[in-house]
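Student:
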Amino acid sequence: MTGLHTPAAMPGFAAPFANPAGSPIRELFPYLSQPGMISLAGGYPSPSLFDAEGLAQAAAQAMAGDAQALQYGATEGLPVLRTALAALMGARGIQASAEQMMVTTGSQQAFDLLVRALIEPGDTVLVEVPAYPATLQALRLAQARIVPVPMDEHGLQTDALAYLLHRLPATQRPKLLYTVPNFSNPRGTLLSAQRREALVQLACTHGFWVVEDDPYGELRFDAPESNAAAMPPTLRALGDRLAADGMNPVVYLSSLSKTVAPALRIGWMLADSSLLRRCAIAKQTVDLCTSPLAQMVAARYLASDRYPATVQRARIEYQRRMLALVQGIATQLDGHVQCAAPAGGMFVWATFAQSIDPQALFDAAVSQQVLYVPGTAFYPDNAQLNTMRLSFAAPEVPQIEQAVRRLAAAVTLSMR
Ligand SMILES: Cc1ncc(COP(=O)(O)O)c(C=O)c1O
């Protein structure tokens with residue numbers, strides 16, 4: 001028997017999902033599967049740097065212990081991992097107890113939880129630009145009012161920020177500011193010590209949270225031994241020093257994705273207890289807890305003595321790859337493409353001549369079998385068309401050299 005009623009139309013999607021744009025980087029994925037393509041696009045760590053043996057040992061230990069690794073765990077994370085991460089914070093010059101740390105499913109989740117806990121539609125959020133695209137996406141879905149703060153070769157411009165804060169009407173007082181001070185994604189810049197202090201002072205004076213997203217800080221190229229000694233202080237440590245009322249406005253996020261393996265999906269957040277508690281409540285409805293198995297593997301791995309050597313190998317190898325890319329651009333694309341050598345991380349930010357058509361360049365690059373991320377992906381208004389982000393982390397040096405030759409061919413094809 002057929003139904004007696006005409007079916008009703010299904011209800012509509014929530015406003016932010018009515019017509020959403022996907023992540024501009026993830027939308028490059030179809031090109032990656034084209035045979036022979038060399039990708040300088042994703043921020044993927046080098047597969048040759050994964051410490052598979054060390055992780056296999058850690059996984060065996062995790063499984064050999066009591067059944068904790070296979071059970072649900074506390075939303076804030078397993079105490080053994082929180083303690084190990086607090087110790088890692090100490091090595092970065094940050095005072096933290098295990099209770100101040102929350103384990104998250106990648107640091108991407110940490111930012112998402114912060115947005116849930118803090119942002120309502122129309123709230124003002126300051127973002128350094130060019131910005132990490134997933135941050136822009138999370139803020140767009142939350143219907144935040146994104147206010148860009150410009151960067152230069154020393155990172156976020158704190159003078160411009162001070163001016164902006166002065167001019168913003170009281171109704172648009174920002175709730176938070178997002179920055180990647182160490183080897184930013186996409187610009188590769190390291191925020192100067194002076195600007196760090198200025199930024200935290202501004203946060204204390206004007207009263208807004210600062211999200212210090214730091215997945216790359218350990219990947220400094222010229223610090224073979226102690227990374228922390230070579231780095232400017234973290235914003236979080238400055239917040240501990242400068243916050244007059246003991247309320248540190250800096251939320252510190254980090255991750256094992258870039259130094260150990262993204263598949264672990266282990267990130268963490270260090271924040272004031274009032275904020276951390278609310279993020280934990282938000283996490284309860286998102287995934288109950290980060291995989292205890294992954295947490296246990298991470299904890300075992302950090303407890304072994306392999307982590308420092310793994311990071312050290314990555315620093316040396318990424319520097320080699322970065323130099324291959326930057327020197328290749330300087331010799332083969334001189335006059336057409338310009339870039340600066342970053343002091344760490346995974347990215348080179350390049351600017352190309354106005355005489356090159358951006359869409360034609362991207363199409364020509366794909367036809368030459370080399371992929372990069374067009375600069376527009378990193379701007380809230382899709383501006384800055386003559387820029388691109390190139391990641392040197394995943395391809396080996398000979399592939400990078402080949403990629404530069406292909407880029408040079410693409411440039412020749414796309415001159416206006
Ligand atoms: C600046 C920045 N933050 C966060 C992430 C996400 O890292 P995770 O794998 O820990 O979620 C990335 C990854 O590319 C990143 O570049």
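At position 290 of the sequence shown the residue is numbered 290 (UniProt numbering), and the sequence of numbers has no breaks. Glycine residues also receive a C-beta, built at the ideal position from the N, C-alpha and C atoms.
#1: Tell me the rounded alpha-carbon separation between L413 and F362.
#2: Can you find the residues in the same chain that come closer than 6 angstroms, C-beta to C-beta, to A341, ignoring five residues on each side of it along the sequence?
#3: What do you reckon, is the C-beta of N185 under 6 angstroms from a heavy atom of ligand 1?
#4: Which of the three DSSP states is assigned to M269 in this structure?
#5: Does DSSP classify S97 as helix, strand or coil?
#6: Taking the C-alpha atoms as reference points, what is the distance between T290 and V103?
#7: Would you call the CB atoms of A403 and V370 closer than 7 angstroms?
#8: Name the two residues that bound the continuous alpha helix (DSSP H) containing Y163.
#9: Residues in its own chain within less than 7 angstroms of L235 by CB, not counting five upstream and five downstream?
#10: F347 and R389: beta carbons closer than 7 angstroms?
#11: Which whole-angstrom value describes the C-beta separation of Y318 and A244, a residue pair presumed to lie in contact below a C-beta threshold of 8 angstroms?
#12: Pull the bridge partners of P374 from the DSSP assignment, please.
#13: Per DSSP, what are the beta-bridge partners of V286 in this structure?
#14: In the DSSP assignment, what residue or residues form a beta bridge with G344?
#15: Does DSSP put P150 in a helix, a strand or coil?
#16: When you get a sec, list the residues whose CB is within less than 6 angstroms of any heavy atom of ligand 2, chain order please.
#17: Starting from T179 and walking both ways along the alpha helix (DSSP H), at which residues does that stretch end?
#18: On the three-state DSSP scale, how would you describe Q338?
#19: Express the C-alpha separation of A142 and H336 in angstroms, rounding to a whole number.
Tutor: So, from the data block:
#1: 10 angstroms
#2: V326
#3: yes
#4: strand
#5: coil
#6: 7 angstroms
#7: yes
#8: T158 to R167
#9: P181, R196, L199, V200, V210, E212 and V250
#10: yes
#11: Contact flag wrong, Cβ pair sits at about 39 angstroms.
#12: M388
#13: According to DSSP, V286 bridges with nothing at all.
#14: R220
#15: strand
#16: Because ligand 2 does not appear in the structure shown, any question about it cannot be addressed here, the ligands present being ligand 1.
#17: Careful: T179 lies outside any alpha helix (DSSP H), inside the beta strand (DSSP E) at L176 to T179.
#18: strand
#19: 39 angstroms
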